[in-house]
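J.:
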Amino acid sequence: MARIIGGIGTSHVPTIAMAFDKGRQKDPDWQPLFKGYEPVAKWLAEKKPDVLFFCFNDHATTFFFDHYPTFALGVAEEYAIADEGLGIRKIPPLKGHAGLARHIAKSLVADEFDLTIFQDLPLDHGLHSPLTMMWPTKPDWPGAVIPLVVNVLQHPLPTPRRCFKLGKAIRKAIEAYPEDLKVAMVGTGGLSHQMIGERAGFNDEAWDLEFLELIDRDPERLAEMTIEEFMRRGGNEGAEVIMWLIMRGALDERAKKVHQNYYLPMTTAMAVALFE
Amino acid sequence: MSYVFDLERSAKGLRLNRFLHSLTDAKRRKLFLENPEEAMKDLSDQEKDMVRRLDWKAMQDYGASFFCLEKLARAKGVSNPQMVAHFRGESLEEFLKTRRVPGAR
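Structure (structure tokens):
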């Protein structure tokens with residue numbers, strides 16, 4: 002049977018991909034970020050999950066507001082890399098796991114999560130800016146991804162509670178898949194940042210550190226919060242951390258945080274955390 | 354003023370956001386850079402004017418999604434810290450002084 006071996010929470014800031022692509026690993030401005038991902042990359046290299054289940058958001062790249070899904074699950078064998086305005090990153094196309102993804106789709110709909118299903122669409126930095134920090138691209142990706150695209154752009158957003166419940170339903174679906182697969186959950190986004198309005202540039206390190214504690218010890222507290230509270234405490238765009246709750250909901254309740262890194266160089270607090 | 358991108362703002366900004374989003378297509382981007390008036394022909398005069406002036410704040414107030422504005426910024430070589438500084442009413446240099454690692458961009 003398939004099983005979930007752990008989870009990763011990570012920011013998906015586009016400049017992470019830029020720093021990676023420009024080879025800034027040793028640059029003192031970026032080294033604290035790269036160092037923070039090393040234990041996660043090592044864990045993945047040792048545990049060798051077959052699939053990373055990625056909870057992330059598209060940035061009005063592939064999905065546009067003429068029809069905007071709340072939760073959209075990718076069920077394809079392969080995903081192209083999206084052009085976000087600067088051309089396409091020079092990384093291999095992403096491998097999907099259609100069998101497991103289709104099974105999850107059926108299981109979630111049976112569990113009353115009425116998802117949008119997509120295939121043959123390119124994916125943006127929301128997924129692959131953190132991915133290149135954790136998985137090698139050469140000679141090819143070592144495994145497959147299943148993308149779950151979450152609306153955190155156009156309000157109304159799904160509630161934190163709904164995200165947490167969806168995570169639990171994803172766990173149930175994965176554990177019922179007959180093939181012997183190792184799956185790691187990835188929840189992306191945040192931490193505190195606001196890109197718009199007079200409060201653009203807002204951060205709150207105290208809230209970020211509290212969030213990193215609560216997602217480990219008391220995710221139920223986070224699930225009780227409203228989107229408005231998340232926006233007030235973490236900035237308008239910082240509310241996207243609700244996607245970590247999907248990841249956390251899919252983990253064993255006894256899972257513990259075993260690594261954490263926090264770096265706030267510019268406009269967005271960049272964090273990574275590992276749970277097993 | 355609330356900057357939450359809700360269904361009302363999304364409806365108001367739809368035509369402008371559609372244009373901004375179209376810049377993810379390399380052919381549309383090339384057309385915009387070489388012949389901006391042709392690329393913007395479906396926009397209203399007010400929308401064209403805001404795009405020509407790269408007035409990030411005016412476009413935001415009008416109903417542009419930040420994530421659609423990013424597509425125009427990338428096409429024109431403008432960084433996110435430059436946009437954020439503009440929203441705050443600061444120069445890039447003033448904004449960078451408020452950051453912990455001004456070189457990380």
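Which chain is which? The protein sequence lines are A and B, in order.
The first sequence begins at 2 in the working numbering and counts up by one.
The second sequence begins at 354 in the working numbering and counts up by one.
Don't be surprised by glycine CBs; every beta carbon is placed ideally from N, CA and C.
(1) Hey, would you say G75/A sits closer than 9 Å to P15/A, going by beta carbons?
(2) Take M2/A and list the residues in its own chain whose beta-carbon comes closer than 7 Å to its own, dropping the five residues that flank it on each side.
(3) Under 7 Å Cβ-Cβ, which residues of chain A neighbour Q399/B?
(4) Does the distance from the CB of V273/A to the CB of G24/A come in under 9 Å?
(5) Determine the direct distance from the alpha carbon of M134/A to that of S12/A, and round the result to whole angstroms.
(6) Apply the 10 Å Cβ neighbour rule to K424/B and answer buried if 16 or more other Cβ atoms are within range, or exposed otherwise.
(7) Could you name the residues of the same chain whose beta carbon sits closer than 7 Å to that of D121/A, not counting the 5 residues immediately before and after it, in chain order?
(8) Could you check the C-alpha separation between A426/B and A256/A for me, to the nearest Å?
(9) Under 8 Å: does the beta carbon of S193/A sit that close to some heavy atom of the ligand HEM?
(10) With three or more beta-carbon pairs closer than 8 Å as the criterion, would you say the segment 79-97 of chain A touches the segment 135-146 of chain A?
(11) What residue from G250/A, L275/A and L167/A has the CA that sits closest to A111/A's CA?
(12) Along the segment 7-24 of chain A, what residues have a CB closer than 7 Å to any CB found in chain B?
(13) Determine, using beta carbons only, whether A392/B and F420/B come nearer to each other than 9 Å.
(14) Please list, in chain order, the chain B residues whose beta carbon lies closer than 9 Å to that of Q155/A.
(15) DSSP state of V242/A, grouped into three classes?
(16) Which residues, in chain order, does the segment 31-52 of chain A contribute to contact with chain B at a C-beta distance below 9 Å?
(17) Using the Cα positions of Y356/B and I197/A, report the straight-line distance between them to the nearest angstrom.
(18) Taking the Cβ atom as the reference point for each residue, do K410/B and H439/B lie within a distance shorter than 9 Å?
(19) Just verifying my parser: in three-state terms, what is the DSSP assignment at R218/A?
(20) E227/A: buried (16+ other C-beta within 10 angstroms of its C-beta) or exposed?
(21) Tell me, please, whether the CB atom of P434/B is closer than 9 Å to any CB atom in chain A?
(22) Verify the CB distance criterion: does L265/A have a CB-CB separation below 9 Å to chain B?
(23) Along the segment 196-215 of chain A, where does the CB come closer than 9 Å to a CB of chain B? Name the residues.
(24) Assign P159/A to buried or exposed, taking buried as 16 or more other Cβ atoms, counted over all protein chains shown, within 10 Å of its Cβ.
(25) Assuming P50/A contacts V150/A (C-beta within less than 8 Å), just tell me the rounded distance between them.
(26) One question on the structure: do M271/A and L215/A come within less than 9 Å of each other, judged by their Cβ atoms?
(27) Is the CB-CB distance between G236/A and N204/A below 9 Å?
(28) Looking at E221/A and F276/A, is the spacing between their C-beta atoms short of 9 Å?
(29) Select from the segment 59-81 of chain A all residues with a C-beta closer than 9 Å to any C-beta belonging to chain E, and list them in chain order.
(30) Report buried or exposed for Q1/A, applying the criterion of at least 16 other Cβ atoms within 10 angstroms of its Cβ.
(31) Please go through the same chain and pick out, in chain order, the residues whose beta-carbon is closer than 6 Å to the beta-carbon of A201/A, but skip the five residues on each side of it.
(32) Sort R249/A, V242/A and L265/A by Cα distance to I5/A and report the nearest one.
T.: In short, the structure shows the following:
(1) no
(2) E176, Y178, P179 and D181
(3) Near Q399/B there are no residues of chain A at all, since even the closest Cβ is about 19 Å away, more than 7 Å.
(4) no
(5) 11 Å
(6) buried
(7) A77
(8) 41 Å
(9) Annotation note on the ligand HEM: not contained in the displayed structure, which lists no ligands.
(10) yes
(11) L167/A
(12) T16
(13) no
(14) F358, D359, L360, R362, S363 and S418
(15) helix
(16) W31, P33 and L34
(17) 7 Å
(18) yes
(19) helix
(20) Looking at the sequence itself, residue 227/A is Thr, so the reference to Glu does not match. Exposed is the call here.
(21) yes
(22) yes
(23) M196, I197, G198, E199, R200, A201 and G202
(24) buried
(25) That pair is no contact at about 20 Å.
(26) no
(27) yes
(28) no
(29) Protein chains A and B are contained in the structure displayed, whereas chain E is not.
(30) Residue 1/A is absent from the model: chain A starts at 2 and stops at 277.
(31) Q195
(32) R249/A
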